[in-house]
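FYI, the numbering for the sequence shown is 1 to 430, going by the numbering used here.
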Amino acid sequence: MEKVLIITYYWPPAGGPGVQRWLKFVKYLRDFGVEPVVFIPENPNYPMLDASFEAEIPEGITILKKPIFEPYQLAGIFAKNQTETISKGIIAAEENQSLLQKSLLFIRGNLFIPDARKFWVKPSVKFLKTYLKEQKIKKIITTGPPHSLHLIGLELKKALKLQWIADFRDPWTQIGYHKKLRLTKKSAQKHIELEQEVLNTANHIITTSFTTKAEFAEKTPKPISVITNGFDATEKDLKNTGKLDEKFSISHIGSLLSERNPLNLWQAIAELCKENSRFAEDLELKLAGTLSEEVIASIKSEGLGEKLKVLGYVDHSQAIKLQQESRLLLLIEINSKETRGIIPGKLFEYLMAQRPILAIGPKEWDVERILNATGSGFYFQYSEKEKLKSIILAHYSKYKNGDTNFVSGNIQQYQRKHLTQQLANLIKSV
């Protein structure tokens, strides 16, 4: 077994998609000759919790913990709701921001570079330098965001003769919310410099999307691999035998932020309700996860309040069940150039659910490439209301005719175990 140290912030009992990527890699790495050692914070301030993930931690894995100081904990004393909202990535449009939220964003963007976990860097580097020498571990992986963890890798790389893989689950300076942090020119430049140093010092870079790989390739000559997120299932699991909802359910499972608010979708559904009384009777709009009040208000403004079922945060097993029961699954991303390379982790579990996907996002979105390759759904730009209406109505007609058959193709490549084999091969090659 070749040992590798994995430095990650998100780990059970953290909830949400951020924890799953490396939990699943760790779950399967031993099958491919790699022994993972995991380094995590001892007292993290996770915005979401999901204890169900703890059962998936492999027996006997070495997990190292080091205390972390997080400013969010202090800020929460004075502005708990605002702090929790920002930490979840929910940032209101500028015209709707309170003075307090603007102040918190300025502090977050300019005093905590690259992010509020920066205070974990020095103590972690000090501890890990000794540990890596004693254990004779020569390879490390950092995963971000938070991108502070890449700074741990950067300092360890400078101090020791080791091989470093930097995994970017999301972009750094090109992520959608980066411009909302009210950065000064000096702070913006600091982010760029740190990103550049990480990209040019790591031995190998991993991205989760094709667009991010292309963007990074313009910034560094270092080798870059795309290893997407995926789903954890066997061939047997891929046959959806769950009972479908009696209602014509259109569901979104995951966070819906203020800018993930496709007004044309809500308008299209409302128009179908007005044009077809049976459609209105059969419709159920289900939203599970963290929701922006603006999204809920937009839906209700279209007269869909009675059709809306807000489920709140659900644990992972319940999320899988909801996906498998739904008639249509919504995948929504912010409509901006910066989000073209964001492939939400839920896409892959949607694939596993074997239910048709309606994906609404920016032009040239990487998701379209996956949907086309697997035949798993339909991609729409935000402006394509009539196209949305047509596809929704076509699936409603199938629903009324009792036609529930829907099978995606070529999705096995996104199984977590298959993706872990790619990772193990990369670890061995650096």
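A virtual CB, placed ideally from N, CA and C, is assigned to each residue, including glycine.
Just how far apart, CA to CA, sit residue i and residue j?
i, j, result
"S376", "V125", "44 Å"
"P223", "S209", "15 Å"
"K389", "W365", "21 Å"
"L105", "A116", "11 Å"
"Y350", "L329", "7 Å"
"H204", "P41", "24 Å"
"L393", "Y28", "42 Å"
"T212", "K65", "30 Å"
"I77", "Y46", "A caution first: I77 carries a pLDDT of 41, below 50, which makes its placement in the model unreliable, though a value can still be read off. The alpha-carbon atoms of I77 and Y46 are separated by roughly 16 Å."
"L23", "W11", "7 Å"
"M48", "K185", "32 Å"
"S326", "S301", "24 Å"
"K122", "L156", "10 Å"
"T290", "G312", "6 Å"
"E70", "A319", "29 Å"
"I342", "L304", "29 Å"
"L283", "P17", "28 Å"
"P146", "I61", "23 Å"
"K136", "D31", "22 Å"
"Y139", "T173", "Reading off the sequence, residue 139 comes out as Lys, not Tyr. Approximately 26 Å, taken between the alpha carbons."
"A51", "N276", "43 Å"
"F406", "E54", "33 Å"
"L272", "S383", "17 Å"
"H252", "K286", "6 Å"
"L331", "L183", "30 Å"
Residue i by DSSP, collapsed to three states: which one?
i, result
"D434", "Because the chain in this structure spans residues 1 to 430, residue 434 falls outside the shown range and cannot be described."
"D232", "coil"
"D167", "strand"
"K286", "strand"
"L265", "helix"
"T173", "coil"
"S251", "strand"
"E364", "coil"
"V407", "coil"
"L331", "strand"
"K309", "strand"
"A202", "coil"
"Y10", "coil"
"T184", "coil"
"T420", "helix"
"T374", "helix"
"L272", "helix"
"L156", "helix"
"L388", "helix"
"L105", "helix"
"L244", "coil"
"L151", "helix"
"L434", "This structure leaves residue 434 out entirely; the chain is present only between 1 and 430."
Which residue comes first and which comes last in the beta strand (DSSP E) that contains residue i?
i, result
"Y414", "Careful: Y414 lies outside any beta strand (DSSP E) and carries neither H nor E."
"G341", "It is not in any beta strand (DSSP E) - G341 carries neither H nor E in the DSSP assignment."
"V37", "34-41"
"S292", "Where S292 is concerned, there is no enclosing beta strand (DSSP E), given that its DSSP letter is neither H nor E."
"H147", "Note, H147: premise wrong, no beta strand (DSSP E); not H, not E."
"I224", "224-226"
"L64", "62-66"
Quick check on the DSSP output: the alpha helix (DSSP H) that includes residue i runs from which residue to which?
i, result
"A280", "277-282"
"G18", "17-29"
"G144", "Here G144 belongs to no alpha helix (DSSP H); instead the beta strand (DSSP E) covers 139-144."
"A359", "Where A359 is concerned, there is no enclosing alpha helix (DSSP H), although the beta strand (DSSP E) it sits in stretches over 357-360."
"I350", "Rather than Ile, the amino acid found at residue 350 in this sequence is Tyr. Here the alpha helix (DSSP H) through Y350 covers 346-353."
"K3", "Here K3 belongs to no alpha helix (DSSP H); instead the beta strand (DSSP E) covers 2-7."
"F127", "121-135"
"T211", "210-217"
"Y382", "Segment: none, Y382 is in no alpha helix (DSSP H) and carries neither H nor E."
"K320", "In the sequence on display, residue 320 carries Ile and not Lys. 316-325 is the span of the alpha helix (DSSP H), which, as asked, contains I320."
According to the neighbour-count rule (16 or more other Cβ atoms, all chains shown, within 10 Å of its Cβ), is residue i buried or exposed?
i, result
"T420", "buried"
"N410", "exposed"
"M352", "buried"
"G230", "buried"
"A75", "With a pLDDT of 48 at A75, under the threshold of 50, the predicted position of this residue should be treated as unreliable, though the coordinate-derived value follows. Under this definition A75 is a buried residue."
"A14", "buried"
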